[in-house]
Amino acid sequence: MLCFTCRNCGFVDVLPPDNKHQLQAPLKAFQGSNNLVAQILREPRIVLDSNEDALIKIQLHQRAVIEALERHRSLYDAQIQEIQLHRGAVMEALEARRSIHAPIRGLPRDLLIEIFHFVRHSWWQDVDDDRRWNPIIPERQSSLRLDGPLWVLGRNVVLRTPFPKHAREILRTYLERAGEHPLTLHAVSDIERSPKAEEDEIMSHFAQESCHRWKDVIIDTSMHHMRLLEESISHLPTLQTIQIYTDDFSGDEMYRSDVCLKAPQLWQAKLSSDGTSQMKLPPCLTHYSGCNATPDDIQLLGQLPKLRVCHLKPHVAPLSIQVPMVMPHIQCLFAGKVAMLDWVTCPRLESLVLSMHQWEWFFQDRNYHATVSAWIVHFLQRSGCHLKSLSVDDYVLACLQRSYHNPFPHDAFSILSYLKVNLRLGKDGLSPAGELVVQSLTPSSDSPVLLPSIGHLVLCIDSSEPRIFDWQAILNLIRSRRDAGLLKVIEVQFKDSWGSQSVVTEFGMTAGIRALTGDKLEMRVEKWNPPSEEHWSLWGSFL
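Note that numbering that gives the first Met the number 0 gives residue 135 to position 136 of the sequence shown, counting from 1, and the numbers run on in steps of one.
Have a look at this one:
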């Protein structure tokens with residue numbers, strides 16, 4: 000077998016042995032082309048050999064570029080990993096920002112004005128009406144702007160009948176554009192008007208679509224609308240505080256509600272007329288204010304394991320309880336009337352707030368004053384508590400002074416460190432009750448100091464007759480307790496009710512007290528908040 004191998008390219012061709020003579024011509028032709036093939040194949044080698052240095056430079060440059068790109072890729076991979084690590088938090092914050100700052104500039108001006116008037120802070124201005132008291136801080140209304148984001152306007156929505164024009168469109172637009180921010184709702188209806196089907200439909204639809212966002216709620220409606228809202232509310236996952244005021248003149252049946260049980264985060268509730276036996280409360284509740292019409296109401300309050308602050312309001316009908324109910328977890332008690340102390344026993348009580356109407360002092364005989372004193376002392380004896388804070392009217396302390404010759408006749412006051420007293424001033428100065436209190440609290444050389452542990456004394460000065468008087472007795476009280484090293488903070492509050500407080504009196508008394516301050520005594524001047532109104536401070540952070 001014969002074969003031919005090309006010396007230039009290495010090609011091998013095998014020839015059959017029986018055709019030797021026939022292949023002589025092709026062989027010669029192939030050999031003749033050897034020079035041409037060799038020339039063609041050698042030309043690239045000649046070129047490469049001549050440009051070898053340039054090629055090496057190109058290769059080195061390419062390697063440098065590749066190394067740089069590899070470094071960039073490693074850097075970008077690390078950045079991508081870091082971005083992916085924080086992407087979840089960034090996206091969550093972005094979605095929250097988008098929902099909160101929903102733009103409304105594209106809406107027509109007329110609709111903007113309607114929305115503004117519909118959702119702006121608005122409530123009754125008559126603060127004397129307890130049922131329609133306004134808990135809104137007026138200064139916060141200045142933050143409402145038509146050119147601002149909708150959440151500034153819509154954080155507090157007033158749903159009041161009769162509804163304004165285009166109420167359905169306003170509410171629909173609000174729900175579409177307001178996002179998912181927490182919502183404060185005031186649901187209000189006119190109890191003297193007959194309910195209308197269209198208004199019921201609008202109120203029901205709004206409750207269904209937004210109840211999952213309610214954080215703070217005031218319901219001041221007729222019983223008809225209260226039932227309508229309760230039927231429309233599926234769940235209240237974010238609700239924290241609620242106030243319910245209902246009026247029912249039909250008297251057909253006793254109302255029962257479990258709307259508060261739909262709120263697992265509810266910690267504060269205020270009920271106007273419905274007791275806890277009618278309005279069921281969740282075990283997570285810590286603050287309660289309301290009427291108690293039956294002994295069952297008091298008993299149910301005592302069964303709430305987390306209830307710490309309780310305000311008992313007097314009911315129209317007198318409540319007769321044979322055996323006082325034990326409220327084992329209460330630490331702060333606001334008693335709307337002193338007689339309510341005869342209903343309960345509070346072994347863990349630390350703070351007590353008592354108030355007494357003026358007519359109870361002037362138009363009741365001494366037997367009634369003795370009864371008031373007995374209610375207080377018997378309550379403290381049953382409870383076995385030791386108070387750290389006491390807020391009380393001068394009338395209450397005067398009753399104790401008359402009955403026991405001591406306004407603080409029980410060991411429960413032995414560790415008292417905070418005392419607030421409401422002192423009423425008349426045309427001639429301190430009222431008789433106020434004089435008794437000031438004299439008792441002023442240390443003297445021939446008797447032991449009363450309540451030596453008081454370090455913070457609050458005097459609520461109520462001057463119904465704006466005349467200049469001699470407040471030397473009050474200054475002597477402050478000076479003597481300061482000199483004894485007992486008093487650390489003196490706080491004064493002046494009643495500022497539409498000019499009834501004399502500016503001269505307030506200025507003069509403040510200047511006289513401030514002259515007594517120094518390293519040992521601090522003076523504070525705060526807003527009017529007497530014991531009879533102190534329970535409103537429970538709702539100071541409502542909005």
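For each residue, glycine too, the CB sits at the ideal point set by N, CA and C.
Short Cβ contact (8 angstroms threshold) for residue i with residue j
i, j, result
"G301", "V325", "yes"
"S350", "S388", "yes"
"L485", "V448", "yes"
"I453", "L415", "yes"
"I232", "A206", "yes"
"C210", "H234", "yes"
"Q330", "R347", "yes"
"T344", "P323", "yes"
"L386", "F361", "no"
"L158", "H180", "no"
"I477", "I512", "yes"
"S256", "E229", "yes"
"K261", "L284", "no"
"M508", "W535", "no"
"E533", "S390", "yes"
"W374", "D341", "yes"
"E490", "V436", "no"
"E525", "V488", "no"
"L265", "P281", "yes"
Reference residue i; option with closest CA among the options
i, options, result
"L311", "P323, I297, P304 and K305", "I297"
"L422", "P530, P323 and L348", "P530"
"T549", "R401, L474, A411 and L424", "Not covered by the structure: residue 549. The range shown for the chain is 0 to 542."
"T237", "L182, R381 and N155", "L182"
"E359", "S372, T293, P161 and L348", "S372"
"P170", "M202, V337, P451 and V436", "According to the sequence provided, residue 170 is Leu. The question's Pro does not apply to it. Looking at the Cα atoms, M202 is the closest of the given residues."
"Y254", "K261, T240, T275 and L265", "T275"
"S188", "Y287, P161 and L174", "P161"
"S444", "A472, L174, A483 and W470", "A483"
"R212", "E198, L174 and F407", "L174"
"T240", "H404, V216, L399 and M222", "V216"
"H404", "R62, Q357, Q438 and Q83", "Q438"
"N155", "K214, R167 and S193", "K214"
"G428", "H71, G517, P281 and S462", "S462"
"Q294", "L450, P282, Q277 and H377", "In the sequence as presented, Gln is not what sits at residue 294; that position holds Pro. Here the closest residue by C-alpha is Q277."
"C398", "K164, C309, V64 and S354", "S354"
"H223", "E208, H204 and S193", "S193"
"H356", "L54, R307, A432 and H286", "A432"
"L379", "N366, T370 and P408", "P408"
"A472", "E434, R365, W266 and L450", "E434"
"L537", "H204, A77, Q267 and L227", "Q267"
"V337", "Q83, R365, P163 and T370", "T370"
Buried or exposed by the 16-neighbour rule on C-beta atoms within 10 Å, applied to residue i
i, result
"Q58", "exposed"
"R225", "As written in the sequence, residue 225 is Met, which differs from the Arg given in the question. Buried, because 16 or more other Cβ atoms sit within 10 Å of the Cβ of M225."
"D393", "buried"
"K419", "buried"
"G368", "Residue identity differs from the one stated: residue 368 is His in this sequence, not Gly. Under this definition H368 is a buried residue."
"C333", "In the sequence as presented, Cys is not what sits at residue 333; that position holds Phe. The residue in question, F333, is buried, as its Cβ has 16 or more Cβ neighbours within 10 Å."
"D129", "Note that D129 has pLDDT 36, beneath the 50 cutoff, so the model's placement of it is unreliable and no number is given."
"P327", "exposed"
"P600", "The question about residue 600 has no answer, for the chain in this structure spans 0 to 542."
"V89", "exposed"
"R480", "buried"
"D219", "buried"
"A510", "exposed"
"L74", "exposed"
"W150", "Residue placement at W150 cannot be trusted, given a pLDDT of 38 that sits under 50; the coordinates are not used to answer."
"V352", "buried"
"I45", "Since pLDDT at I45 reaches only 48, below the 50 mark, its modelled position is unreliable, and the value read off the structure follows with that caveat. Exposed, since its Cβ has fewer than 16 Cβ neighbours within 10 Å."
"A63", "exposed"
"S382", "buried"
"H286", "buried"
"R523", "exposed"
"P406", "buried"
Proximity test, Cβ basis, 8 angstroms: residue i and chain D
i, result
"A338", "The structure shown contains no chain D, having only a single protein chain."
Check: residue i C-beta below 7 angstroms from any heavy atom of the ligand SAH
i, result
"R401", "Here there are no bound small molecules, and the ligand SAH is not part of this structure."
(request) Write down every uninterrupted run of the beta strand (DSSP E) in the stretch 339-369 whose length is 3 residues or greater and which is fully enclosed by it, in chain order. (result) Correct list: 350-353.
(request) Could you tell me whether the stretch 267-280 touches the stretch 235-245, where touching means 3 or more Cβ pairs closer than 8 angstroms? (result) Enough Cβ pairs lie closer than 8 angstroms, so yes.
(request) Entirely within the stretch 396-475 and at least 4 residues each: give me those alpha helix (DSSP H) ranges in chain order. (result) 431-440, all fully within the stretch 396-475.
(request) Quick one: which unbroken beta strand (DSSP E) runs of 3-plus residues sit fully inside the stretch 214-293? Chain order, please. (result) Correct list: 240-246, 267-270 and 286-290.
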